[in-house]
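Residue numbers for the sequence shown, in the numbering used here: 6 to 151. Okay, so here's the structure we're looking at.
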Amino acid sequence: MALQNRPLLYTATGLLVITAVLYITANALPIWVTVSDESYSYTVGLWKACESEGSTKLCINIPLKSDYKTISTRAFITLCCIYSSLSVASIITILCINENLENISSLAKGLAIAALICRIIGVAIGISVVLEGIDFGGKMGVSCVF
């Protein structure tokens with residue numbers, strides 16, 4: 006009874022797939038803050054920092070023990086990736102079984118709400134990290150927009 010409207014179910018699944026892909030992309034790409042001039046570019050993400058000069062590009066992993074804002078952003082965005090992916094899997098399970106399973110539909114809704122809450126918290130903390138980078142002459146990167 007919880008998820009009987011099939012077109013709405015397909016739309017929700019499509020939107021959740023898109024958001025899951027965007028969450029994973031934002032988590033993986035090292036483009037949260039970018040500092041660049043004509044020949045030099047420096048980008049920082051949640052997990053990597055990359056430096057480009059001319060045709061040479063060097064990327065290093067950011068240590069796991071970095072500042073608390075970066076660690077918190079990593080945690081919340083990673084949880085968001087997990088929750089949104091599990092929500093998609095739950096809805097696809099309902100579609101494949103072709104029955105309305107009350108427990109799985111409640112789980113899918115709960116996971117989607119948990120993903121939204123984690124996303125709001127993670128992005129809020131991440132934006133404060135980006136603002137610190139902007140204070141040093143950086144620009145907001147593509148991953149932060151995702």
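Note that beta-carbon positions come from the ideal geometry of N, C-alpha and C, so glycine has one too. As the structure is a prediction and not an experimental result, all values here were calculated from the model.
By DSSP's assignment, K62 forms a beta bridge with S57.
A distance below 7 Å between beta-carbons, with the five flanking residues on each side excluded, links G59 to the following residues of its chain, in chain order: S44. Counting the other Cβ atoms within 10 Å of the Cβ of Y73 gives fewer than 16, which makes it exposed. Annotated three-state conformation of S44 is coil, per DSSP. By the C-beta density criterion, N32 is buried, having at least 16 other C-beta atoms within 10 angstroms. It is roughly 38 Å from the alpha-carbon of K70 to the alpha-carbon of S110. Here C123 is buried, its C-beta having at least 16 other C-beta atoms within 10 Å. Pairing A25 with S77, the inter-Cα distance amounts to about 19 Å. CA-CA distance, S92 to G127, rounds to 18 Å.
Pairing T75 with V134 gives a Cβ-Cβ distance under 9 Å.
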